[in-house]
Amino acid sequence: MILPYLLRLLCLCLASFFVLNVAAGLLVCISSKSAIRFAESRTPKRAARLLVGLRLLPFALAVLFVLGLCVPSYLWLEPTATSERVGLMGGLLGLLGAATWLNALARTAQSLFASLRHNRLCRFAGQEARLPGESSPVVLVENEAPLLAMSGLFRPRLLISRSVLQNLSAAELGAALAHEHAHRTSRDNLKRLLIQLAPDILPFLHPLRTLERTWSQFAEWAADDQATEGDSGRAVALAAALVQVARMGRGPRLPFFSTSLLASDRDLSARVDRLLEKLPVMATPTAETPPALRTAGVLLVGCMAALLATPATLAAVHELLELLLH
Ligand SMILES: [Zn+2]
Numbered sequence: 012m013i014l015p016y017l018l019r020l021l022c023l024c025l026a027s028f029f030v031l032n033v034a035a036g037l038l039v040c041i042s043s044k045s046a047i048r049f050a051e052s053r054t055p056k057r058a059a060r061l062l063v064g065l066r067l068l069p070f071a072l073a074v075l076f077v078l079g080l081c082v083p084s085y086l087w088l089e090p091t092a093t094s095e096r097v098g099l100m101g102g103l104l105g106l107l108g109a110a111t112w113l114n115a116l117a118r119t120a121q122s123l124f125a126s127l128r129h130n131r132l133c134r135f136a137g138q139e140a141r142l143p144g145e146s147s148p149v150v151l152v153e154n155e156a157p158l159l160a161m162s163g164l165f166r167p168r169l170l171i172s173r174s175v176l177q178n179l180s181a182a183e184l185g186a187a188l189a190h191e192h193a194h195r196t197s198r199d200n201l202k203r204l205l206i207q208l209a210p211d212i213l214p215f216l217h218p219l220r221t222l223e224r225t226w227s228q229f230a231e232w233a234a235d236d237q238a239t240e241g242d243s244g245r246a247v248a249l250a251a252a253l254v255q256v257a258r259m260g261r262g263p264r265l266p267f268f269s270t271s272l273l274a275s276d277r278d279l280s281a282r283v284d285r286l287l288e289k290l291p292v293m294a295t296p297t298a299e300t301p302p303a304l305r306t307a308g309v310l311l312v313g314c315m316a317a318l319l320a321t322p323a324t325l326a327a328v329h330e331l332l333e334l335l336l337h
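Residue numbers for the sequence shown follow our numbering, so the first one is 12 and each next one is one higher.
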């Protein structure tokens, strides 16, 4: 029967995803303190990259294992439709895997709807405006609360309230806008999407939350560095913009797929001190990977995939999965 065959495959995928995600997630969790200490010794941009990579590593490894080894071994070694039973342990692991995925998908869908609704409301309530030096129009909102944010995933829009426009000087506004553009260049909202999509280790438990919060802090610092480009004058202007916006009161609650000038007051003094006391690191342009190196990388990954997908490997994986499900 086709349904039991496919259901068994689904159960196998969910169970093996869950086991690998837990194993890799626990390793990341245990090493997160050391990783954060190491990240603190790097530039904020590198630190942010390292931490977001670490947060997504268990998810990426588990997905690669399921799609690269688990599914091919099952299809290859059990091609005929069977109605083999799934043991209690296999069923339980499959259910836990399904719960972590459903939880991740539900929160992502909720954030997506909230983001779409918020951006639509801003467009209805506000108006498109051109700001000096801005290549694309911004959404200007008639709002007393301070709002300056880059909102949206694939084509993020800059949202700004008239109160922010009126209260910031030209230099402060330029530095604040550069901070938002840095978030867009780094695709921070897309990284937020991946973080939401990556299921937690256990349903409704977030042991990697510290890693996410630290990534968020480094992403803010990296945007500050990119906005100031090592120029002390711009650093002072950005620090002044941060203080001005903080003085204007609490900003509106923003959806998850938004990055703002002042994400939270908690980091405000650290950011201002950093901008005023230490000259921010000059944001160096990302070096282009030479084409030969890129080709070598693709070949290496291809060879590794070919080595892994040998009959012997697939048979061993199949044995393991049989143990898991029975
Ligand atoms: Zn920001």
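Glycine included, every Cβ here is placed at the ideal spot set by N, Cα and C. This structure is a prediction, so every number in the text was calculated from the model and none was measured.
Distance cut-off 7 Å: residue i Cβ against heavy atoms of ligand 1
i	result
Thr270	yes
Ala50	no
Glu231	yes
His192	no
Ala281	no
Ala257	no
Ala234	yes
Residue i, DSSP secondary structure in three states
i	result
Glu145	coil
Ala209	coil
Met161	strand
Glu330	helix
Thr321	coil
Leu67	helix
Glu155	coil
Glu139	strand
Leu62	helix
Thr54	coil
Ala298	Reliability fails at Ala298, whose pLDDT of 49 lies under 50, so the model's placement of it is uncertain and the value that follows must be treated cautiously. Ala298: coil per DSSP, three-state reduction.
Ser269	strand
CA nearest to the CA of residue i, picked from the options
i	options	result
Cys22	Ala109, Ala34, Val63 and Glu145	Ala109
Leu51	Thr119, Glu155, Leu68 and Ala230	Looking at the sequence itself, residue 51 is Glu, so the reference to Leu does not match. Considering only alpha carbons, the answer is Ala230.
Arg195	His129, Asp284, Leu164 and Pro214	Leu164
Pro210	Leu25, Trp226 and Leu17	Leu25
Leu159	Thr306, Gly262 and Arg141	Gly262
Arg166	Ser197, Phe215 and Val175	Ser197
Phe124	Val175, Arg60, Pro266 and Arg282	Pro266
Arg60	Glu223, Ser147 and Ala274	Glu223
Burial state of residue i (16 or more Cβ within 10 Å)
i	result
Gln228	buried
Val149	buried
Gly199	The question names Gly, but residue 199 is Asp in the sequence shown. Counting Cβ neighbours within 10 Å, Asp199 comes out buried, since at least 16 surround it.
Thr321	exposed
Trp232	buried
Ile41	exposed
His6	The shown model of the chain, from 12 to 337, leaves out residue 6, and the question about it has no answer.
Lys56	buried
Ala136	exposed
Heavy atom of ligand 3 within 7 Å of residue i beta-carbon
i	result
Ala274	With respect to small molecules bound, the structure shown includes ligand 1 and not ligand 3.
Own chain residues within Cβ distance below 6 Å of residue i, not counting five before or after
i	result
Leu80	Val328
Ala193	Ala234, Gln237 and Ala238
Val63	Lys202 and Trp226
Leu99	none
Ala186	Ala238, Arg245, Ala248, Leu249 and Ala252
Close Cβ partners of residue i (< 7 Å) along its chain, the five nearest in sequence each way excluded
i	result
Leu8	This structure cannot speak to residue 8, because the chain is shown only from 12 to 337.
Leu208	Ala115 and Thr119
Ala298	Summary for Ala298: the model assigns pLDDT 49, below 50, so the residue's position carries little reliability; its value from the coordinates is reported in the next sentence. None.
Leu205	Leu67
Close beta carbons around residue i, own chain, < 8 Å, minus the five adjacent residues each side
i	result
Arg145	With the sequence shown as reference, residue 145 is identified as Glu, and Arg is not the correct amino acid for it. Same-chain partners within the cutoff: Leu169 and Leu188.
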